[in-house]
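Read through the structure below, which is laid out as structure tokens, and then see the notes.
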Amino acid sequence: MCRIYGHFGGPPIASDALRAVGHAMLHGGPDAQTLWTGAEGALGNNRLAIQGVADGDQPFVSADSVCVFNGEIYNHRALRAELVAAGRRIDGDCDGNILLPLYELYGDAFVDRLEGMYAIAIIDRRERVLKLFSDPTGMKSLYYFVSPDGRRLAFAQELQALSKYPGFPSALDPLALDRYLGGKAVWGPETVYQDVRTLPPGTVLRFSEAGVKVESREPVAAVIDWPEGGPDLGHAAGMLDTMLQDELTRMLAADVPVCVITSGGLDSSYITALARRRVPDLASFNIAYAGNWPADERAFAREVAAHCGTRHHQVEIHPDTFPGLVERFVRHLDQPNNAPHSLSTFAIFEAIHEAGFKVALTGDGADELFAGYARYASAAADEAPGWERRYQDTMSAVGTDLLGRLYTPAYRAELDRNGGLFADRSGKDLAERVRTAPGNKLETLLRYDQYARFPYYILRRVDHLSMAHSVEARIPFLQPRIVEFAHALPAALKVVDSKVKAPVVEAARPWLPSSVIERPKQPFTLPITAMIRPGEALHELVGDVLLASDRRCADLIEQREIEELFRLQSAQPTAWAAEALWSVLMVELWLSARGLTL
1 MCRIYGHFGG PPIASDALRA VGHAMLHGGP DAQTLWTGAE GALGNNRLAI
51 QGVADGDQPF VSADSVCVFN GEIYNHRALR AELVAAGRRI DGDCDGNILL
101 PLYELYGDAF VDRLEGMYAI AIIDRRERVL KLFSDPTGMK SLYYFVSPDG
151 RRLAFAQELQ ALSKYPGFPS ALDPLALDRY LGGKAVWGPE TVYQDVRTLP
201 PGTVLRFSEA GVKVESREPV AAVIDWPEGG PDLGHAAGML DTMLQDELTR
251 MLAADVPVCV ITSGGLDSSY ITALARRRVP DLASFNIAYA GNWPADERAF
301 AREVAAHCGT RHHQVEIHPD TFPGLVERFV RHLDQPNNAP HSLSTFAIFE
351 AIHEAGFKVA LTGDGADELF AGYARYASAA ADEAPGWERR YQDTMSAVGT
401 DLLGRLYTPA YRAELDRNGG LFADRSGKDL AERVRTAPGN KLETLLRYDQ
451 YARFPYYILR RVDHLSMAHS VEARIPFLQP RIVEFAHALP AALKVVDSKV
501 KAPVVEAARP WLPSSVIERP KQPFTLPITA MIRPGEALHE LVGDVLLASD
551 RRCADLIEQR EIEELFRLQS AQPTAWAAEA LWSVLMVELW LSARGLTL
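Here it is as structure tokens:
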């Protein structure tokens, strides 16, 4: 696991400037810093040593190519054996050592053989081209920009690092505020900066004298050996359980200790139970808040830990410390992100680091693959006109009705000139996808979520807030075999008799207490509705920032609407007012941390 950066083309860049780019991501790779420079450009790497600790130094160099990569390749030993059989010599046990030999054997298609998570950069000196590759689910970020003359492309895995490049296009895109509030994050490939892009999941970017070309790689359709007559729920659950156990065998293989985050919900508890079978002294971590708050899951996490026999760590943070935590985690969010539990995510990875771990397993991704949210099934069954807008509102930080009042007239006019509110534009796009998709409506909704929202709202947050503490987050549900299985599984087996995520529920049933299996679904979040109220530290922070006269979004957001939201929340806390206030707070603090104004 590492943080990578580099550039290709144009005049040379001073080594001091390049080191400043790398230094801005030092938290993500504190174990070793290396930089390769050549006539074509440069490739840099900050290493977090996890696999092949003694022999994984980057960049990887061959006669014709240079490579840096961030991620983990879980099938690297099988690929190493394949390469050795083909006559290639591979030294050491680092997963990255196989990449250039594999590229030289298969060309760009080499990534189709990788199982894991990755962002890869290769300078092919023979073709005189830079190539950037992202994994199929977008677990690892890559941001880039092209110089105004088109001669140079620069990239980095964090925007704060990319901004250290000479000539960084720092102009903000005012439309990004609407994209953020309409989607809880800035969905790619656009970013908050007008001329900076992020590489979407499952794509390859090629940059040469001919310019930039970005292509999506078509996923390989899974060939599933279904029983005659097709799968039933029990068969599907059994297949999922077997595959997850196989994946965990590989994912727990590391040269450093691996722990697990146990929220108390189904997905992370299931991963905890399976991991404990392979790690006798498995450490589990849960986070909670001092005091009596809604949605406290620590009792469920404790029950799972006792049931599985883990060495449990109960992390508890006090709400009085939240303002300081908010300001710290916002500095590590490359773009504004609405999720209140960013605070919890940041704090739990900090505790994991302090306990001496570099790797943590999480349960992310199961909901998006196996229809774990009720909104999927509700929208799939909703045939009334305007269903797409109602569905989009479930993914918005602020509902479209409130947005109409929240924006200033000048900003609303600018949005209208550019196609209207993001929620409306994306809703129309979704409706068109459903109309033209050959398959099931539920499946179309799931794929839309997996590729349009999930990488930018959830995966960017997990990646950046874990790497802020030099911790690698591994996500079993997002391994290729699991994703391919989920895509091939009939939609009718994902929601069964109104039971969401049915295959995961049935697969986990033998491993967990019935209290965890049967409990109502509860999202992992921070109870901001209860915490943004008079007398609480978060209420004071919201008031201090959003009622100030020097707000950084003042030209785009109506101050009187913010004041009214704050008055309503102070008098009678409600979820919609709290989320709107929190969402605007995140933008203001993100801008303030960088000295920017929209």
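Just so we're aligned, residue 1 is where the sequence shown starts under full-length UniProt numbering, counting upward by one. Even for Gly, the Cβ is constructed at its ideal location relative to N, Cα and C.
Are LEU465 and PHE300 close, meaning C-beta to C-beta below 8 Å? Here the question's residue 465 lines up with position 465 in the sequence shown. Here the question's residue 300 lines up with position 300 in the sequence shown. Contact: no.
I'd like to know whether the C-beta atoms of PRO215 and PRO480 end up nearer to each other than 8 Å. Walking along the sequence shown from the start, residue 215 turns up at place 215. Walking along the sequence shown from the start, residue 480 turns up at place 480. The sequence shown places Glu at residue 215, not Pro. Contact: no.
Which residue from GLU327, VAL111, ALA254, GLU536 puts its Cα closest to that of GLU218? Reading the sequence shown from its first residue, position 218 is the one you call residue 218. Ranking GLU327, VAL111, ALA254, GLU536 by Cα distance to GLU218 puts VAL111 first.
Hey, could you find the ends of the beta strand (DSSP E) SER73 is sitting in? What you label residue 73 is simply residue 73 of the sequence shown in a count that begins at 1. In the sequence as displayed, the identity of residue 73 is Ile instead of Ser. For ILE73, the enclosing beta strand (DSSP E) has its first and last residue at 65-73.
Under three-state DSSP, which class holds THR198? For the purposes of this step, residue 198 is taken as the residue at position 198 of the sequence shown. Residue state, collapsed to three classes: strand.
Continuous alpha helix (DSSP H) stretch holding ILE562: start and end: Residue 562 sits at position 562 when you count from the first residue of the sequence shown. Run containing ILE562: 559-571, per the alpha helix (DSSP H) assignment.
Top-ranked residue by Cα proximity to TYR448, from ALA253, ALA380, ALA109, VAL279: Within the sequence shown, the letter at position 448 stands for residue 448. Nearest C-alpha to TYR448: ALA380.
What would DSSP say about CYS308, mapped onto helix, strand or coil? Working through the sequence shown from its first residue, we reach residue 308 at position 308. Helix, per DSSP.
Within the present structure, is the beta-carbon of GLU82 separated from the nearest heavy atom of the ligand MN by less than 7 Å? Only the bare structure without any ligand can be found here, which leaves the ligand MN out of the picture.
Secondary structure at SER15, three-state DSSP: helix, strand or coil? If you number the sequence shown from 1, residue 15 lands on position 15. Note: SER15 maps to helix in three-state DSSP.
Using beta-carbon positions only, say whether LEU512 and LEU172 come within less than 8 Å of one another. Within the sequence shown, residue 512 is the residue found at index 512, counting from 1. Within the sequence shown, residue 172 is the residue found at index 172, counting from 1. Note that the C-beta distance between LEU512 and LEU172 is not below 8 Å.
DSSP state of VAL330, grouped into three classes? Here residue 330 is taken as the residue at index 330 of the sequence shown, counted from 1. Reduced to three states, the DSSP call for VAL330 is helix.
Work out the CA separation of ALA397 and TYR411 for me, nearest whole Å. Locating residue 411 in the sequence shown gives position 411, where the first residue counts as 1. Locating residue 397 in the sequence shown gives position 397, where the first residue counts as 1. Distance between the alpha carbons of TYR411 and ALA397: 18 Å.
Quick check: what's the CA-CA separation for GLY150 versus GLY71? By 1-based counting over the sequence shown, the position of residue 150 is 150. By 1-based counting over the sequence shown, the position of residue 71 is 71. So the alpha carbons of these two residues sit roughly 29 Å apart.
Run of the alpha helix (DSSP H) containing ASP416, from where it starts to where it stops: Locating residue 416 in the sequence shown gives position 416, where the first residue counts as 1. Taken as a continuous stretch (DSSP letters only), the alpha helix (DSSP H) holding ASP416 covers 409-417.
Taking just the CA atoms, how far does TYR270 sit from HIS307? Within the sequence shown, residue 307 is the residue found at index 307, counting from 1. Within the sequence shown, residue 270 is the residue found at index 270, counting from 1. Using only the alpha carbons, I get a separation of about 11 Å.
Under the assumption that ALA351 contacts PHE454 (Cβ atoms under 8 Å), give the Cβ distance between them as a whole number of angstroms. Translated into the one-based positions of the sequence shown, residue 351 becomes position 351. Translated into the one-based positions of the sequence shown, residue 454 becomes position 454. Going by Cβ atoms, the distance from ALA351 to PHE454 rounds to 25 Å, so no, they are not a contact pair.
Under the rule that 16 or more other beta-carbon atoms within 10 Å means buried, what is LYS184, buried or exposed? Along the sequence shown, read from residue 1 onward, the residue named residue 184 stands at position 184. Under this definition LYS184 is a buried residue.
Consider the Cβ of CYS67: report whether some Cβ of chain B lies at a distance smaller than 8 Å. Considering every chain present, this structure includes no chain B. It has just one protein chain.
Return helix, strand or coil for GLU383, following the three-state DSSP convention. On the sequence shown, residue 383 is found 383 positions in, with the first residue counted as 1. Correct three-state label for GLU383: coil.
May I have the straight-line CA-CA distance separating LYS140 from GLN245, to the nearest angstrom? Translated into the one-based positions of the sequence shown, residue 140 becomes position 140. Translated into the one-based positions of the sequence shown, residue 245 becomes position 245. Here the alpha carbon of LYS140 sits roughly 24 Å from the alpha carbon of GLN245.
6 Å CB neighbourhood of ARG533 in its chain, flanking five on each side removed: Your numbering for residue 533 matches position 533 in the sequence shown. Excluding sequence neighbours, ARG533 sits near HIS539, PRO573.
I'd like the list of long-range same chain contacts for PRO200, defined as Cβ closer than 6 Å, with 5 residues on each side in sequence excluded. The residue labelled residue 200 in the question sits at position 200 within the sequence shown. So the list reads GLY188, PRO189, once near-sequence residues are dropped.
Complete beta strand (DSSP E) runs within the region 86-130 (minimum length 3 residues, chain order): Uninterrupted beta strand (DSSP E) stretches at least 3 residues long and entirely within the region 86-130 occur at 116-124, given in chain order.
Buried or exposed (CB count within 10 angstroms, at least 16 for buried), LYS521: Translated into the one-based positions of the sequence shown, residue 521 becomes position 521. Answer is exposed; the Cβ neighbour count stays below 16.
Looking only at its own chain, which residues have a Cβ that is under 7 Å from the Cβ of LEU556, when we skip the five neighbours before and after it? As a position in the sequence shown, residue 556 is number 556, starting the count at 1. Closer than 7 Å at the Cβ level, and outside the excluded window around LEU556, lie PRO174, LEU177, TYR407, THR408, TYR411, LEU598.
CB contact flag (VAL192, TYR456, <8 Å): Position 192 of the sequence shown holds residue 192. Position 456 of the sequence shown holds residue 456. 8 Å or more divides the Cβ of VAL192 from the Cβ of TYR456.
In this structure, what does DSSP give as the bridge partners for ALA42? Position 42 of the sequence shown, counted from the first residue, corresponds to residue 42. Listed as beta-bridge partners of ALA42 by DSSP are HIS7, THR37.
Terminal residues of the alpha helix (DSSP H) in which LYS213 lies: Numbered from its first residue, the sequence shown carries residue 213 at position 213. Unbroken run through LYS213 is the beta strand (DSSP E), 211-216; no alpha helix (DSSP H).
Should ILE224 be labelled buried (16 or more other beta-carbon atoms within 10 Å of its own) or exposed? To locate residue 224, count along the sequence shown from 1; it is residue 224. Result: exposed.
Taking contact to mean 3 or more Cβ pairs, one atom from each stretch, closer than 8 Å, check whether the region 5-18 and the region 75-86 are in contact. no
Which partner residues does VAL504 have in the DSSP bridge list? For the purposes of this step, residue 504 is identified with residue 504 of the sequence shown, where counting begins at 1. None, per the DSSP bridge assignment.
For the region 308-321 and the region 487-500, state whether three or more C-beta atom pairs, one from each stretch, are separated by less than 8 Å. no
Rounded C-alpha distance that separates LEU421 from THR394: Indexing the sequence shown from 1 puts residue 421 at position 421. Indexing the sequence shown from 1 puts residue 394 at position 394. Cα-Cα distance, rounded: 15 Å.
Taking all protein chains shown into account, do 16 or more other C-beta atoms lie within 10 angstroms of the C-beta of THR242, making it buried, or fewer, making it exposed? By 1-based counting over the sequence shown, the position of residue 242 is 242. THR242 is exposed by the Cβ-count criterion.
Can the beta-carbon of PHE69 be found less than 8 Å from the beta-carbon of ILE123? Here residue 69 is taken as the residue at index 69 of the sequence shown, counted from 1. Here residue 123 is taken as the residue at index 123 of the sequence shown, counted from 1. No, Cβ-Cβ distance for PHE69 and ILE123 is not below 8 Å.
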